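These notes are about the structure you will find just below.
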Amino acid sequence: MHEDLLQPFLLEHAGVRGALVRLGPAWRTVAARQDHAAPIREVLGQALAASALLTAHVKLQGALSLEFKSAGSLRLLFAECTDAGRVRGLARLAEDAEASARDVLDLAAQPQAVLAITLGGVDSGQRYQGLIDVRQPALAQVLEDYFRQSEQLPTRIVLAADADVAAGLLLQQLPGGSVQDDDAWPRVGHLTDTLTATELLRLSAAQVLRRLYHEESPRLFAPRALGFGCSCSQARVEAMLRALGRDEVEAALAARAGEIEVICEFCAARYTLDAVDAERVLAAAPNAPASSTPH
266 MHEDLLQPFL
276 LEHAGVRGAL
286 VRLGPAWRTV
296 AARQDHAAPI
306 REVLGQALAA
316 SALLTAHVKL
326 QGALSLEFKS
336 AGSLRLLFAE
346 CTDAGRVRGL
356 ARLAEDAEAS
366 ARDVLDLAAQ
376 PQAVLAITLG
386 GVDSGQRYQG
396 LIDVRQPALA
406 QVLEDYFRQS
416 EQLPTRIVLA
426 ADADVAAGLL
436 LQQLPGGSVQ
446 DDDAWPRVGH
456 LTDTLTATEL
466 LRLSAAQVLR
476 RLYHEESPRL
486 FAPRALGFGC
496 SCSQARVEAM
506 LRALGRDEVE
516 AALAARAGEI
526 EVICEFCAAR
536 YTLDAVDAER
546 VLAAAPNAPA
556 SSTPH
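Under this note's numbering, the first residue of the sequence shown is numbered 266, with each subsequent residue one higher.
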């Protein structure tokens, strides 16, 4: 079975486009770098699968990211897929949230919860961001709400994750109403309702599509390889320090015996700067203010 891939497909006679994603090694790499309880790991895996799914039908330059924020136990859920198929993700909890870890599976229960979907990036020079208040308990339902409100595009999403695999299925009704079959979209929805989480996690993309939609004659396109990857770099760390400003950088140096160590939350890469390095960085032209969003 091929793992770490995105499989686009078309149900031509039904007027439905779709994609199926399966993450094995890439997901296990992300999960292994963060020590979370099973419920948090599950929702992080779902987010990682969703970030890859949503790249299936967009012209992407840079990356597509999902960012959930709240004032509750799940403070941050971030997942990203780049135009090169590199995925990464992380989850942050409130300090006292481990005891109520199961609560994070109900995203709507998190106070002040919002979800942002961002396309593009700093390097590409173009960014588009959509924002939605979270009113549904499951991430798949939140994303369906997003497409219903912002794109006016009927969309169905199924997500699942366990310790070994993160997977997802995306279906969208083709815009334009080119198919003269009023029953097509409901019919495809009823077929999708029969899919279990176990099947989505354990069967290959071809097996899932054949099991669900064999009567719709699914047309499979070339799969896209995915894999874990991180965009952190020495240059990005230096830009972050310049944005913090001289006072904070010098305070950090003083507090840490003349050395600053930055550890990437995504890949655990370590970047170390001493006082000479810091002076070189601060002497360079300042960049834009730092964002609280992971880079």
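Just so it is clear, CB atoms sit at the ideal spot from N, CA and C, and this is done for glycine as well. The structure presented is a predicted model; accordingly, all values stated were derived computationally and were not measured.
Helix, strand or coil at residue i [DSSP, three-state]
{"i": "Q499", "result": "helix"}
{"i": "T461", "result": "coil"}
{"i": "A432", "result": "strand"}
{"i": "L468", "result": "coil"}
{"i": "L372", "result": "helix"}
{"i": "A533", "result": "coil"}
{"i": "E268", "result": "coil"}
{"i": "L485", "result": "strand"}
{"i": "A336", "result": "coil"}
{"i": "V527", "result": "strand"}
{"i": "L594", "result": "As displayed, the chain neither begins before 266 nor continues past 560, which places residue 594 out of reach and without an answer."}
{"i": "H479", "result": "helix"}
{"i": "V407", "result": "helix"}
{"i": "A321", "result": "coil"}
Where residue i falls, given that 16 or more other Cβ within 10 Å makes a residue buried
{"i": "F274", "result": "buried"}
{"i": "S482", "result": "exposed"}
{"i": "Q394", "result": "exposed"}
{"i": "L465", "result": "buried"}
{"i": "D269", "result": "buried"}
{"i": "L418", "result": "exposed"}
{"i": "R507", "result": "buried"}
{"i": "A548", "result": "exposed"}
{"i": "S498", "result": "exposed"}
{"i": "A533", "result": "exposed"}
{"i": "S415", "result": "exposed"}
{"i": "F531", "result": "buried"}
{"i": "A462", "result": "exposed"}
{"i": "G523", "result": "exposed"}
{"i": "A519", "result": "exposed"}
Contact under 8 Å by Cβ, residue i with residue j
{"i": "R306", "j": "A296", "result": "yes"}
{"i": "A378", "j": "G337", "result": "yes"}
{"i": "Q437", "j": "R282", "result": "yes"}
{"i": "D410", "j": "I397", "result": "yes"}
{"i": "L339", "j": "A314", "result": "no"}
{"i": "F333", "j": "L342", "result": "yes"}
{"i": "L384", "j": "L439", "result": "no"}
{"i": "A425", "j": "Q311", "result": "yes"}
{"i": "G494", "j": "R392", "result": "no"}
{"i": "D446", "j": "A279", "result": "yes"}
{"i": "L491", "j": "G327", "result": "no"}
{"i": "L370", "j": "V308", "result": "yes"}
{"i": "L329", "j": "V323", "result": "yes"}
{"i": "E544", "j": "T537", "result": "no"}
{"i": "P488", "j": "Q272", "result": "yes"}
{"i": "I528", "j": "R521", "result": "no"}
{"i": "A373", "j": "V399", "result": "yes"}
{"i": "L477", "j": "L456", "result": "yes"}
{"i": "C346", "j": "A317", "result": "yes"}
Enclosing alpha helix (DSSP H) for residue i [first to last residue]
{"i": "G310", "result": "303-318"}
{"i": "D241", "result": "This structure does not reach residue 241, given that the chain is present from 266 up to 560, and the question cannot be answered."}
{"i": "P451", "result": "449-458"}
{"i": "P290", "result": "290-297"}
{"i": "D542", "result": "540-548"}
{"i": "E515", "result": "511-520"}
Span of the beta strand (DSSP E) around residue i
{"i": "R351", "result": "351-358"}
{"i": "V379", "result": "379-386"}
{"i": "V423", "result": "420-426"}
For residue i, the residue or residues it bridges with in DSSP
{"i": "P273", "result": "A284"}
{"i": "F412", "result": "DSSP, once it has assigned bridges, lists no residue as partnering F412."}
{"i": "Q438", "result": "V281"}
{"i": "C346", "result": "L329, V352"}
{"i": "A490", "result": "L270"}
Neighbour flag for residue i against chain D, beta carbons, 8 Å
{"i": "F274", "result": "Any reference to chain D falls outside this structure, which holds one protein chain only."}
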